[in-house]
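Notes follow the structure.
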Amino acid sequence: MTQLKLMLPLDIKIKEAFAKGHDAEQNFIQNSAMFLCTTLRQHGPLMERRNKGNVLKALQYLLLISEVDETEIFKICLEYWNALAADLYREMLMTKTSNTASSARCVFYQTVLSRLRYIIISRMAKPEEVLVVENENGEVVREFMKDTDSINLYKNMRETIVYLTHLDYVDAERIMTDKLQNQVNGTEWSWKNLNTLCWAIGSISGAMHEEDEKRFLITVIRELLGLCEQKRGKDNKAIIASNIMYVVGQYPRFLQAHWRFLKTVVNKLFEFMLETHDGVQDMACDTFIKIAQKCRRHFVQVQAGEVTPFMEEILSTISTIICDLQPQQVHSFYEAVGYMISAQTEKFVQEPLIERYMLLPNQVWDDIINQATRNVDVLKDPDAVKQLANILKTNVRACKALGHPYVSQLGRIYLGMLNVYKSNTEV
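Per the numbering used here, the sequence shown starts with residue 40, numbered consecutively.
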């Protein structure tokens, strides 16, 4: 490792040197990353025993290089950091199994790992579930094409930050909480900073003890909801809404255990369904389905402090909730509510719920079928055909979510469906 003495002094900002450098300087930094990662992977344990000072110096260089704003260089560094974190995590599990003290290696790497947590949290890649993005013109838009490279990078970063959180969840929580406070007080406020922070928070679901996760999430959700109220402008609100939905969607265990937060989150999703900014409604519907699948029984039971199940409130306000949704979003909404109703196992309670649940589409269906009974040419009208197609798609999603109990709704529209089919197949 004598080559290290020939490199740049450790107080230089390699990130800035890379940004201002020409090809030769940038290539040198990339080659340095490959050299350090390869050497540490192959000879790290031996070097730890012979010269810890050089190992620390190499790791400090690698941390500085990991901050360089170049994805390919970061991927090189991440591969090593992932292997190191996984190795230390396995070692930690072995020490716990044998009831021995923390390994000397974990203590040795403690300061380096803390800095690494900060870097990964600050650079977290976008998860697949996030649909609201900032384009190259600084506009907040709906993402339609999936970026496979970004998704793969996120998966690798998520695995690494999960290992790092297991190794010291107190430090991970401290970094995330500090960065969240800096979003709220404005000292680090930006769309990018909020995004990377929330993507990191969402990625460590399950990596903390349940009580620690509960305390941490209560803080996170409250601060994000407060930030949404505090910030003005549709773009700001769209970004914050996107992050709220991503975080809550990643923590079903927390929502299952805390009804008050679950109800608050779902009501917030209903607000977001009225927000016409690109992508927000899609994310609201996707998150609603995810929560409905994981927490379905909570919506059909009377919760502490409530007089009736929350499902009653949802069914009585469906028309208001879905009034600004596009047809495909309405289909998603109906699928989500169907999952909830499927959790009601008492048939005499469930059947009236299904009847109220399908009331709106059934009213439109009945109206068109009645008109067609008087004049079959109604079924040739493009608008009527489009409405019938959308109602049938809603029924398909309801059937998927409800399962066998859907049979009562099927019986209600069956003859009408046969007559529509018959009239459309006659030459």
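Glycine included, each C-beta is placed from N, C-alpha and C at the ideal position. Computed from a predicted structure; not experimentally measured.
- Message: Between which residues of its own chain and M379 is the CB-CB distance below 7 Å, once the five residues before and five after are set aside?
- Response: A331, R335, F338, V339 and M350
- Boundaries of the beta strand (DSSP E) in which R181 is found, first to last residue: V179 to R181
- Item | Proximity to L264 [Cα-Cα], best of P444, K253, E250 and I279 | I279
- Query: Between L132 and R144, is the Cβ-Cβ spacing less than 8 Å?
  - Reply: no
- Message: Once DSSP output is grouped into helix, strand and coil, what is the label at V341?
- Response: coil
- Check each candidate in K273, Y453 and I104 and name the one with the smallest Cα separation from I430. Y453
- Roughly how many whole angstroms lie between the Cα atoms of Q269 and K276? 9 Å
- DSSP on E118, reduced to helix/strand/coil? helix
- Item | Option nearest T150 by Cα separation, candidates L170, L102 and E167 | L102
- Query: Does DSSP classify V435 as helix, strand or coil?
  - Reply: helix
- Best match in L117, N70, E55 and F147 for proximity to K96 [C-alpha to C-alpha]: F147
- Whole runs of the beta strand (DSSP E) within the region 173–244, excluding any shorter than 3 residues: 179–181
- Message: Just to check my reading of the structure: D325 and S371 have Cβ atoms closer than 8 Å, yes? What is that Cβ distance to the nearest angstrom?
- Response: 7 Å
- Euclidean distance between Cα positions of R451 and E374: 19 Å
- Query: For V171, which of helix, strand or coil comes out of DSSP?
  - Reply: strand
- Going by other Cβ atoms of all chains shown within 10 Å of its Cβ, with 16 needed for buried, is D321 buried or exposed? buried
- Item | Alpha carbon of A405 to alpha carbon of L427, nearest angstrom | According to the sequence shown, residue 405 is Asp rather than Ala. So the alpha carbons of these two residues sit roughly 10 Å apart.
- Query: Got a sec? Which residues, its chain only, sit under 8 Å from L206 by beta carbon, not counting five neighbours each side?
  - Reply: A124, L127, Y128, M131, C145 and L152
- Query: Relative to the alpha-carbon of D108, which residue among K59, L79 and N121 has its alpha-carbon at the smallest distance?
  - Reply: K59
- Of the residues R395, I240, N401 and A411, which one's Cα is nearest the Cα of Q289? I240
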